[in-house]
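Read top to bottom, the protein sequences are chains P and D. FYI, in the working numbering the residues of the first sequence are 408 to 965. FYI, in the working numbering the residues of the second sequence are 408 to 965. Working notes, beginning with the structure itself.
There are 2 protein chains.
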Amino acid sequence: MSHLSGVNAMSTTVIQHVLSRLRDVGIHDVFGVPGDLSFPLNDALCSGNGPRWIGCSNELNAAYAADGYARVKGAGAVCTTYGVGELSALNAIAGSYAEHLPVFHLVGMPPMPAQQAHSVMHHTLGNGEFDLFRQMSEPVVCASAVMTPQNVAYETERLIYEAFHHLRPVYMAFPADLALQPALGDAWPIGSARSDPVLLKRVIETIASTLEGARTACILPGFLVARAGLQGLMQTVVQASGLPFATMFLDKSVLDENQPGYIGMYAGRLMNEDVREFVESCDVVLAVGTLLTDLNTGAFSARLDPARLISIGHHQVTLQGKTHLGLEMSDVLAGLAKQIKKRQNTIAFSARTLETVRDCDNDPITAAALYSCWSRFVRPDDIVVAETGTVSMGLGFAQLPRGASFYNQGLWASIGWATPAALGAAVAAPDRRVLLVTGDGSHQVSVQEISQFARLGLKPVIFVLNNGGYLIERLLSKNPASGYNDIARWRYADLPHALGCDDWMTARVSTCGELELALRRAAVADSAVYIEVITGPDEAPPFPLHLRDYAMSMYRAQ
Amino acid sequence: MSHLSGVNAMSTTVIQHVLSRLRDVGIHDVFGVPGDLSFPLNDALCSGNGPRWIGCSNELNAAYAADGYARVKGAGAVCTTYGVGELSALNAIAGSYAEHLPVFHLVGMPPMPAQQAHSVMHHTLGNGEFDLFRQMSEPVVCASAVMTPQNVAYETERLIYEAFHHLRPVYMAFPADLALQPALGDAWPIGSARSDPVLLKRVIETIASTLEGARTACILPGFLVARAGLQGLMQTVVQASGLPFATMFLDKSVLDENQPGYIGMYAGRLMNEDVREFVESCDVVLAVGTLLTDLNTGAFSARLDPARLISIGHHQVTLQGKTHLGLEMSDVLAGLAKQIKKRQNTIAFSARTLETVRDCDNDPITAAALYSCWSRFVRPDDIVVAETGTVSMGLGFAQLPRGASFYNQGLWASIGWATPAALGAAVAAPDRRVLLVTGDGSHQVSVQEISQFARLGLKPVIFVLNNGGYLIERLLSKNPASGYNDIARWRYADLPHALGCDDWMTARVSTCGELELALRRAAVADSAVYIEVITGPDEAPPFPLHLRDYAMSMYRAQ
Numbered sequence: 408m409s410h411l412s413g414v415n416a417m418s419t420t421v422i423q424h425v426l427s428r429l430r431d432v433g434i435h436d437v438f439g440v441p442g443d444l445s446f447p448l449n450d451a452l453c454s455g456n457g458p459r460w461i462g463c464s465n466e467l468n469a470a471y472a473a474d475g476y477a478r479v480k481g482a483g484a485v486c487t488t489y490g491v492g493e494l495s496a497l498n499a500i501a502g503s504y505a506e507h508l509p510v511f512h513l514v515g516m517p518p519m520p521a522q523q524a525h526s527v528m529h530h531t532l533g534n535g536e537f538d539l540f541r542q543m544s545e546p547v548v549c550a551s552a553v554m555t556p557q558n559v560a561y562e563t564e565r566l567i568y569e570a571f572h573h574l575r576p577v578y579m580a581f582p583a584d585l586a587l588q589p590a591l592g593d594a595w596p597i598g599s600a601r602s603d604p605v606l607l608k609r610v611i612e613t614i615a616s617t618l619e620g621a622r623t624a625c626i627l628p629g630f631l632v633a634r635a636g637l638q639g640l641m642q643t644v645v646q647a648s649g650l651p652f653a654t655m656f657l658d659k660s661v662l663d664e665n666q667p668g669y670i671g672m673y674a675g676r677l678m679n680e681d682v683r684e685f686v687e688s689c690d691v692v693l694a695v696g697t698l699l700t701d702l703n704t705g706a707f708s709a710r711l712d713p714a715r716l717i718s719i720g721h722h723q724v725t726l727q728g729k730t731h732l733g734l735e736m737s738d739v740l741a742g743l744a745k746q747i748k749k750r751q752n753t754i755a756f757s758a759r760t761l762e763t764v765r766d767c768d769n770d771p772i773t774a775a776a777l778y779s780c781w782s783r784f785v786r787p788d789d790i791v792v793a794e795t796g797t798v799s800m801g802l803g804f805a806q807l808p809r810g811a812s813f814y815n816q817g818l819w820a821s822i823g824w825a826t827p828a829a830l831g832a833a834v835a836a837p838d839r840r841v842l843l844v845t846g847d848g849s850h851q852v853s854v855q856e857i858s859q860f861a862r863l864g865l866k867p868v869i870f871v872l873n874n875g876g877y878l879i880e881r882l883l884s885k886n887p888a889s890g891y892n893d894i895a896r897w898r899y900a901d902l903p904h905a906l907g908c909d910d911w912m913t914a915r916v917s918t919c920g921e922l923e924l925a926l927r928r929a930a931v932a933d934s935a936v937y938i939e940v941i942t943g944p945d946e947a948p949p950f951p952l953h954l955r956d957y958a959m960s961m962y963r964a965q
Numbered sequence: 408m409s410h411l412s413g414v415n416a417m418s419t420t421v422i423q424h425v426l427s428r429l430r431d432v433g434i435h436d437v438f439g440v441p442g443d444l445s446f447p448l449n450d451a452l453c454s455g456n457g458p459r460w461i462g463c464s465n466e467l468n469a470a471y472a473a474d475g476y477a478r479v480k481g482a483g484a485v486c487t488t489y490g491v492g493e494l495s496a497l498n499a500i501a502g503s504y505a506e507h508l509p510v511f512h513l514v515g516m517p518p519m520p521a522q523q524a525h526s527v528m529h530h531t532l533g534n535g536e537f538d539l540f541r542q543m544s545e546p547v548v549c550a551s552a553v554m555t556p557q558n559v560a561y562e563t564e565r566l567i568y569e570a571f572h573h574l575r576p577v578y579m580a581f582p583a584d585l586a587l588q589p590a591l592g593d594a595w596p597i598g599s600a601r602s603d604p605v606l607l608k609r610v611i612e613t614i615a616s617t618l619e620g621a622r623t624a625c626i627l628p629g630f631l632v633a634r635a636g637l638q639g640l641m642q643t644v645v646q647a648s649g650l651p652f653a654t655m656f657l658d659k660s661v662l663d664e665n666q667p668g669y670i671g672m673y674a675g676r677l678m679n680e681d682v683r684e685f686v687e688s689c690d691v692v693l694a695v696g697t698l699l700t701d702l703n704t705g706a707f708s709a710r711l712d713p714a715r716l717i718s719i720g721h722h723q724v725t726l727q728g729k730t731h732l733g734l735e736m737s738d739v740l741a742g743l744a745k746q747i748k749k750r751q752n753t754i755a756f757s758a759r760t761l762e763t764v765r766d767c768d769n770d771p772i773t774a775a776a777l778y779s780c781w782s783r784f785v786r787p788d789d790i791v792v793a794e795t796g797t798v799s800m801g802l803g804f805a806q807l808p809r810g811a812s813f814y815n816q817g818l819w820a821s822i823g824w825a826t827p828a829a830l831g832a833a834v835a836a837p838d839r840r841v842l843l844v845t846g847d848g849s850h851q852v853s854v855q856e857i858s859q860f861a862r863l864g865l866k867p868v869i870f871v872l873n874n875g876g877y878l879i880e881r882l883l884s885k886n887p888a889s890g891y892n893d894i895a896r897w898r899y900a901d902l903p904h905a906l907g908c909d910d911w912m913t914a915r916v917s918t919c920g921e922l923e924l925a926l927r928r929a930a931v932a933d934s935a936v937y938i939e940v941i942t943g944p945d946e947a948p949p950f951p952l953h954l955r956d957y958a959m960s961m962y963r964a965q
C-alpha cells in the first residue's frame, strides 16, 4: 500500500476518487457484472483512466475472480449492482473474509431521491427499504460505507486501512447520483498499526532466547504471512534461524518448497507421520500467521502443546499461553531476523514429493498415477489453483518446484471457487503460467468463466477431473452411492469450443498413455489448454481417504 | 395448503417430519446442491419417502428453480449446505421475497457440539460464530428457525403458516446431529387468517355499490391473485361483473387473455395508449393483488387517481384512500362474486396481439419479426418463462392463447433467473410444454441448468437471443457502445451437446427464413429444443425503447 502525502479529492467525482485510490493500493483490474444502478461505476471503469473493467458471466464468479486476484496482488475488487448483483457475490465475499483477503466490494445503489421516496423500483424487495443489503453484507466484511461527496475522502482512507489491517473485504456503496458528484474535502492516508516498542523488544528477546534454549525447534509459516506481504521477511527469518519448517494445508507454498529447510506438509495424523512426529516432538514450534482449522490440523488430529507453541499473528503474539496484543507481525519478524541465532544441522530429514507412478499406457488412470503426473507437470513459477475437494487434497502433498504458488480455499471450501479464482490469478499475473486443477462437480458451479480467459487472451492450463460426481462427498457420506453425489454428465472437453475459446488445445483422456501424451502436448502448447481427465468414481488420493477415517473428529459430533 | 387434524411428529426424525409436512403442502420436489453439513437432509431426500431430490449445478440456480416451481405449484423448496451453500442462494431467495413466493430454504448446519465448541471448521468464517448466516438471511425471509427435536412440531407449523400468509420464503436450519434425532411432541396446523365479518360485509357492499354507481369501471387483476391461488375466484368476479380487465407487466396471464373482457396490457404511457386512456378514465379501477412498481406503471408514468382506485390486497383493502386491515382477499372476492351486479356492453375494445410481421427469408431477424414469430409459436396451456430484459418486455405484450402462463421476474429483475426457473416450472408441470425465452447475457449467468432438463428427461423449448451483450443496458446506459455491455461470444447452439443434452433439436438462426423453419421443426419435435437466435446488437421491441425515454422518471433522479 502506497502512502501519499495527503489525498485531495476535490478535482474528481466520488467514484473516480475511489478508483484512483484503489489503483494506488495495487488494484489495476476490477471484476464485475454491469447493471443500470451501477452505470456510474461501470462508466468510470471503462473510461480508461482507472483500473480496468473485467466483465464476468455472473457476480459470484466475479467475486471469486477478485479473490484469486487478491491472492496474487495483495488486494482485489469486484463491482456489482444493487440487490440482484451484490447478493450473488456474498458467498465469495464471505470466502475472502474467512481466508483473509482484502477485496473491495463496490456496489451501485439507486439514486438518493429514489431511496428517499421509498420507490418501489426494480432490484428492490418492493418494501421501500434501501439499507437491507448493506446490512446483509456486514457479517462478511470488516467495514462498510455509503459513499457521498462529503465523506468520500476520509471514508476511502478508512476502508483501505481496515481492509489491509484486517485483511478482509470491505463494502462500498455508491448511490448512482452521488457517485457522479464532485468529491469534497481531503483526507490523509491512515498509517499502518505500530507495535508497542517496549513490549516488542521484550517479546522478540523472549522468542529468541526460547528458541536458543530449545533442544529442537521448527517453524510453521502460515498463509497470513503471504496475505500480509511478508514472505521475504519470513524467508529471512527461516534462513537466519537455520530452523526446519513444515507447512499446513492452507499455508502451502507460503515459502519456497525447494529449499533445504523444508521438511514437508504437516497434517496431524492424516499424512506424513515422520513430519508429524518431528513437529510435535519439538521443544518449540514457532507458528507464524497460521490458523488451526480442521483441514490444517488433519481433522483436529494435530497435537501442538500450547506450552511449547509460539504463535505470531498479524497483530499479536501468543507466548507461553498468553496473548500479547499490539505487536505487528512485520515488526516481530524484522526483530527476529536480526536477533535469532542460527542453528546448524537441525534438519531431521527433507521433504519428498509424491512417488512417481507410471502405469502402463492402456491402464485406466489411478489416483496415484494422476497426482504423480500432475505434480511432475508443474514448472517453476507456475501458479496452481486447486479446487476444494480431492484435487487440492491430492496435489497439496506434492512438492512444488521453485517459485511456484499453490492456492486453495482450505477454510471456506466453497466448491466452484477455483475456476474463477484462476481467472483472477491469471489477470493478476499475466506473465506466469496458471494451472487450474478442478473436479467436475466444482467446475459445473462456475464453468462460465473459462470463456473470459479466451476473451482476454490468457493461456491457462485447465484440468477437469471427471469422475461423475462429488468424490469428496462420496468419501464422507454414509452411502457413497447416494444419488445426490452424482451430477449431470457433461462432455467437458467440448466446452471450450461451445464457450468461444477458439484454438485451445483440448483433450479427453481416460488412460495413462493418453494422459501422458496430453501432458506432453500441453507442456509445449502455445495456446490455452483444457484437459478432461476421466477416472473411476472412487479414485482418491490418500489425504481425503484418511480424512474419511477421521470424519467424526472433524465434525466433533461424538 | 392442507389442514390436518393434528400433526404427531413422534414417529419420525426432525428432518423426516419437516419433509413430510412440506409434501402435505404440495412440495413434491426439492432442488439443491448437497454438502457434508447437509448430508442428513440429502439422505432423507434420497430415501424415496419424501419429496424428490433434484440436484442442480449450483445453489443460486437451485433456488431459482424452486422459485419457478413455486410459481406453478404455489410453494417450492431448496436445500443447501451451511455458509458456502446458503449464501449462494440468497439472491434467488430475495427474488422470491420480492415477488411473493413461499420458498422453503432448508439449510444443513454443523452439529451442535461443533457449534458449542466454536470449532474452526470448514464452511465457517473461522471466528467460531455459527449464527451469522441465519442473520444474513433475515431481511429476505418472513420467518426462520433452527430446528430441534423439541421445537420441530410447532416451528414447522409456524413456518408453513408464515410462508403462506406472507407468500414469502422462510429459512429452516438443521444442525446435522439434531436433524436425525426423533421429533418430540406434536402441534396443530395454524388456520388461515380470517376476515373481520362486520368490516367484510361493509367493505363488500361499499365496493359493489361504488361499482354500480360508476359510469365506467375496470379491473386490474394482479399477480398476488395467482400467488394466493385465487385465480378461479378472480375469474368468477370478472364474469359476474361483466367488467373489462387489463393487466400490468408482473401480472400478465393471471387470468386467461383469451376472453372477451380482456383489453390488453396496461403500462402507463409506455405502451397501448388506448388501454391507458380507458383505464385512467374509468370512474372506478378495481385493482386486486397488484403492485405499483416501476415496470408495472411504465416507469411511474401511470396516473391512477387514488380517489377512484379500489385496491384489494392479500390481507387488506384500500378504499377511498383508506386502508382496512383484517380483510382476506379470498373472502372479499367470494363476497364480490355474489354481490356484484353484472354490466352489459362496458367493453371499450378488445386486446390485440403483436402485429404479424413476415420479413423475407433472407432478411436478418428484426425485433418486430422475432416477437411476432415467438408470439405465434405459443400454444394453449404452454408455460412461458421470459427472462428479465428485452425478451420479456417484448413477449409480454403478445396476447397469449388459452390457458398459457407467462412468468417473468418483473420486480426483482435479476438476470439469470429464467433458465433455472424454467427448469423448476418444467419439474412442477411435466405435462405442459415449457418455453424458455432468454437473452445471451442472462443465459450466461446460469446456463448450467439446461443439463438438468436432459437428466430428468424434460423437453423444454429454449430460445436464446444472441445479440452479443446486455441489450437492455445498451438502451439505458449513457453510451450504448460501452464495453461493459458486451459479453464473451459463445456458440450457444453447441452448448446442449457439450452439456450432455443428447438428441436435442438444436438450431442457430440469423435470418427470418431460418427462424421460421426452426420454429416449424420445433413445433413438431419429439425432443427438447434449443434455438440460438442471432440479431443485430440493437434490435429491441417497443417497450424497452420507450422505457429508455422514461428512464429519468424510473430512477426519479431529477
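In this text, a Cβ means the ideal position worked out from N, Cα and C, and glycines have one as well.
Our contact map puts residue 650/D next to residue 668/D with C-beta atoms below 8 Å; I'd like the distance itself, whole angstroms only. 7 Å
Put residue 855/P into one of helix, strand or coil per three-state DSSP. helix
Let me make sure I understand the geometry here. Which of 569/P, 588/P, 618/P, 737/P has the alpha-carbon closest to that of residue 639/P? 737/P
Please name the residue, chosen from 530/D, 459/D, 533/D, 425/D, that lies closest to residue 578/D on a Cα-to-Cα basis. 425/D
For residue 746/P, the first and last residue of its enclosing alpha helix (DSSP H): 736–746
Going along chain P in order, which residues have a C-beta closer than 8 Å to the C-beta of residue 460/D? 890, 891
Any 3 or more C-beta pairs closer than 8 Å across the stretch 543–551 of chain D and the stretch 609–625 of chain D: no
Suppose the cutoff is 6 Å on Cβ atoms and the five residues either side in sequence are ignored; what does the same chain contact list for residue 602/P look like? 734, 735, 738
Between the stretch 704–733 of chain P and chain D, which residues of the former have a C-beta closer than 7 Å to a C-beta of the latter? none
Report back the beta-carbon spacing between residue 485/P and residue 438/P to the nearest angstrom; my notes put them in contact at under 8 Å. 5 Å
What does DSSP give as the partner residue(s) for residue 893/P in the beta ladder? 876/P
Would DSSP call residue 965/P helix, strand or coil? At residue 965/P, the pLDDT of 35 sits below 50, so the modelled position is not reliable; the number obtained from the coordinates is stated separately. Three-state result, residue 965/P: coil.
Using DSSP with H/G/I as helix, E/B as strand and the rest coil, what is residue 444/D? helix
When you compare the CB of residue 851/D with every CB in chain P, is at least one pair closer than 7 Å? yes
Boundaries of the beta strand (DSSP E) in which residue 941/D is found, first to last residue: 936–941
Which residues of chain P have a Cβ atom closer than 7 Å to the Cβ of residue 960/D, listed in chain order? Within chain P, no residue comes near residue 960/D; the closest Cβ sits about 10 Å away, beyond 7 Å.
Given that a residue counts as buried once 16 or more other Cβ atoms are within 10 Å of its Cβ, and exposed if not, what is residue 530/D? buried
Entirely within the stretch 583–641 of chain P and at least 4 residues each: give me those alpha helix (DSSP H) ranges in chain order. 583–586, 604–620, 630–634
Whole-angstrom C-beta distance between residue 460/D and residue 449/D, which should lie under 8 Å: 7 Å
If you follow the alpha helix (DSSP H) that residue 721/P is in, where does it begin and where does it stop? Run containing residue 721/P: none; DSSP gives neither H nor E here.
Is residue 748/P closer than 7 Å to residue 619/P when the C-beta atoms are compared? yes
Between which two residues does the beta strand (DSSP E) containing residue 729/D stretch? 729–732
Does any C-beta atom of chain P lie closer than 7 Å to the C-beta of residue 901/D? yes
Chain-order list of residues whose beta-carbon lies under 7 Å from that of residue 906/D (same chain, five-residue window excluded): 857, 858
Any chance you could list the beta strand (DSSP E) runs of at least 3 consecutive residues sitting entirely within the stretch 632–705 of chain D, in chain order? 652–654, 669–672, 691–695
Is DSSP giving residue 791/D helix, strand or coil here? strand
Could you confirm whether any beta carbon from chain P is found closer than 7 Å to the beta carbon of residue 663/D? no
Return the residues of the stretch 524–536 of chain P that lie within a Cβ-Cβ distance of less than 9 Å from chain D, sorted by chain order. 524, 526, 527, 528, 529, 530, 531, 532, 533, 534, 536
Is the separation between the beta-carbon of residue 835/D and that of residue 792/D shorter than 7 Å? no
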